[in-house]
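**Q** When you line the sequence shown up against this note's numbering, it's residues 1 to 309, in that order.
Ideal placement from N, C-alpha and C gives every residue a C-beta, glycine not left out.
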Amino acid sequence: MDIICRPLTNAVRKASIKRWTRVFLVLVMIIAIGYTVSQTDTFQWHATALARMILIKILPIWDWTPLYYNKCLIERSQPSTLDDDLVTPADCITCEAIKNIVRVSDTSYNEVFNHHLLRGAPVIVTDSYLDWSSPELNLTSLISDDTRLRYSVPCRILTNIRIGKQPMDLEEVLSRIINSDIPSWFVHFQNCDIRAVKSFRILAPRPYFLSPHIPPSHFNWLLLSNNYDTYRFKYLELDIGLIIMSQLKGKTYIQLRPRVPCEEVCFSLNVELNEGETLVLSNSLWEMEYLPGKGYNVAMITETDWLET
């Protein structure tokens, strides 16, 4: 019976192999086409818009916003804080003699990093953007002309204007503030969306003194204010690393406070950052606060991973 049926069983086996081969090839083709389509800006834009609408729809059922703004989904079990892990009393000797922030120009990577940052000292570069001219900084036009900015959702946003329930895309946030008739306002926010981070880099090009081995910024902040007269400094929750603050318009008052346990050992540093100047620091020892200057002010802060080696 085996010999008699062998031609039939062979034919059935070959047909089965051909069928599964065709199924496998079709699946590979579908996956390849799907991957190619998913890399296009059009698909990503529609997918992001659809996901945002779904998330907004389920807000009454499940408030997911705390997870959106948290850096970690799982809390660390150890009771130690970030400052305790970051700075020890032995590290305070680095900043105990720093009483002011030096201003330099026509500088180099060696001077900024090896002469200042490696000993814990912040530094201001006064000529970072002398070759860069921006006579009119129109943020509304910049954002409306770039889909990556228009539909990005900023995080860690703080403003004196009631802007409604978050999350809210960047175009709507700024339109409620900048395009209003409110005489006095301020807003600062962090860009977490890498596409928005890349788009905002045009506002503050890479400073000339940065070495090529320093990676691009992974997050950036925008600080905006108009006639906001206050004496209360605004705290910025920055990641630990290389911090570069560029004053694009107006001026900003900066206060750097030593981290725990160095607050009794090191001095607090206060400085006025003027238009065109750039503040550079490694914030492993410092916490950063700012006070908007009078008039219209725009500043940008970049956060970059950097090891002090």
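Please return the same chain residues whose Cβ sits closer than 7 Å to the Cβ of Pro-183, not counting the five positions on each side in sequence.
**A** Taking the first residue of the sequence shown as 1, we reach residue 183 at position 183. So the qualifying residues of the chain are Asn-227.
**Q** Exposed or buried, Ile-301, counting other C-beta atoms within 10 Å across all chains shown (16 or more means buried)?
**A** As a working mapping, residue 301 is identified with position 301 in the sequence shown. When all chains shown are included, Ile-301 counts as buried.
**Q** Considering only the beta carbon of each residue, do Arg-150 and Asp-169 sit closer than 8 Å?
**A** In the sequence shown, counting from the first residue as 1, residue 150 sits at position 150. In the sequence shown, counting from the first residue as 1, residue 169 sits at position 169. For Arg-150 and Asp-169, yes; Cβs fall inside 8 Å.
**Q** DSSP state of His-116, grouped into three classes?
**A** Taking the first residue of the sequence shown as position 1, residue 116 is located at position 116. His-116: coil per DSSP, three-state reduction.
**Q** Enumerated in chain order, which unbroken segments of the beta strand (DSSP E) with a length of 3 residues or greater are wholly contained in the stretch 268-295?
**A** The qualifying runs are 269-274, 278-282 and 286-292.
**Q** Give me whichever residues DSSP pairs with Glu-303 in a beta bridge.
**A** Translated into the one-based positions of the sequence shown, residue 303 becomes position 303. Per DSSP, Phe-219 and Ile-243.
**Q** Can you give me the Cβ contacts of Cys-192 inside the same chain, cut-off strictly under 7 Å, excluding the 5 residues immediately before and after it?
**A** Stepping through the sequence shown from its first residue, residue 192 is reached at position 192. So the qualifying residues of the chain are Cys-155 and Phe-219.
**Q** Taking the C-alpha atoms as reference points, what is the distance between Arg-52 and Asp-229?
**A** As a position in the sequence shown, residue 52 is number 52, starting the count at 1. As a position in the sequence shown, residue 229 is number 229, starting the count at 1. Spanning the two alpha carbons is a distance of roughly 36 Å.
**Q** Suppose you measure from the CA of Leu-223 to the CA of Leu-158; what does that come to, to the nearest Å?
**A** Numbered from 1 along the sequence shown, position 223 holds the residue referred to as residue 223. Numbered from 1 along the sequence shown, position 158 holds the residue referred to as residue 158. Distance between the alpha carbons of Leu-223 and Leu-158: 10 Å.
**Q** Is Arg-148 helix, strand or coil by DSSP?
**A** Stepping through the sequence shown from its first residue, residue 148 is reached at position 148. DSSP places Arg-148 in helix when its eight states are reduced to three.
**Q** With C-beta atoms as the reference, is Gly-293 less than 8 Å away from Tyr-253?
**A** Your numbering for residue 293 matches position 293 in the sequence shown. Your numbering for residue 253 matches position 253 in the sequence shown. Yes, Cβ-Cβ distance for Gly-293 and Tyr-253 is below 8 Å.
**Q** On the DSSP letters alone, give me the boundaries of the beta strand (DSSP E) that Tyr-235 sits inside.
**A** Position 235 of the sequence shown holds residue 235. 234-236 is the span of the beta strand (DSSP E), which, as asked, contains Tyr-235.
**Q** Just verifying my parser: in three-state terms, what is the DSSP assignment at Trp-62?
**A** For the purposes of this step, residue 62 is taken as residue 62 along the sequence shown, with counting starting at 1. In the structure shown, Trp-62 sits in coil (DSSP, three-state: anything other than H, G, I, E or B).
**Q** Please state whether the Cβ-Cβ distance between Pro-89 and Leu-279 is less than 8 Å.
**A** What you label residue 89 is simply residue 89 of the sequence shown in a count that begins at 1. What you label residue 279 is simply residue 279 of the sequence shown in a count that begins at 1. No. Outside cutoff.
**Q** In chain order, what residues of the same chain have a beta carbon less than 6 Å from the beta carbon of Gln-39, not counting five sequence neighbours either side?
**A** Here the question's residue 39 lines up with position 39 in the sequence shown. None.
**Q** Between Val-104 and Glu-111, which are expected to be in contact by the criterion C-beta below 8 Å, what is the C-beta distance as a whole number of angstroms?
**A** Counting from one through the sequence shown, the residue named residue 104 turns up at place 104. Counting from one through the sequence shown, the residue named residue 111 turns up at place 111. Confirmed, about 6 Å.
**Q** Mind checking whether Leu-273 and Lys-251 have CB atoms under 8 Å apart?
**A** Within the sequence shown, numbered from 1, the residue matching residue 273 stands at position 273. Within the sequence shown, numbered from 1, the residue matching residue 251 stands at position 251. For Leu-273 and Lys-251, yes; Cβs fall inside 8 Å.
**Q** Under a three-way DSSP split, which group does Thr-94 fall into?
**A** Translated into the one-based positions of the sequence shown, residue 94 becomes position 94. Three-state DSSP puts Thr-94 in a helix.
**Q** For the putative contact between Trp-306 and Leu-238, defined by C-beta atoms under 8 Å, what is the C-beta separation to the nearest angstrom?
**A** In the sequence shown, counting from the first residue as 1, residue 306 sits at position 306. In the sequence shown, counting from the first residue as 1, residue 238 sits at position 238. Incorrect: roughly 12 Å between the Cβ atoms, too far for contact.
**Q** Could you check whether Glu-277 and Ile-124 sit closer than 8 Å to each other, using their CB atoms as the reference points?
**A** In the sequence shown, residue 124 corresponds to position 124, counting from 1. In the sequence shown, residue 277 corresponds to position 277, counting from 1. Cβ distance < 8 Å, so Ile-124 and Glu-277 count as in contact.
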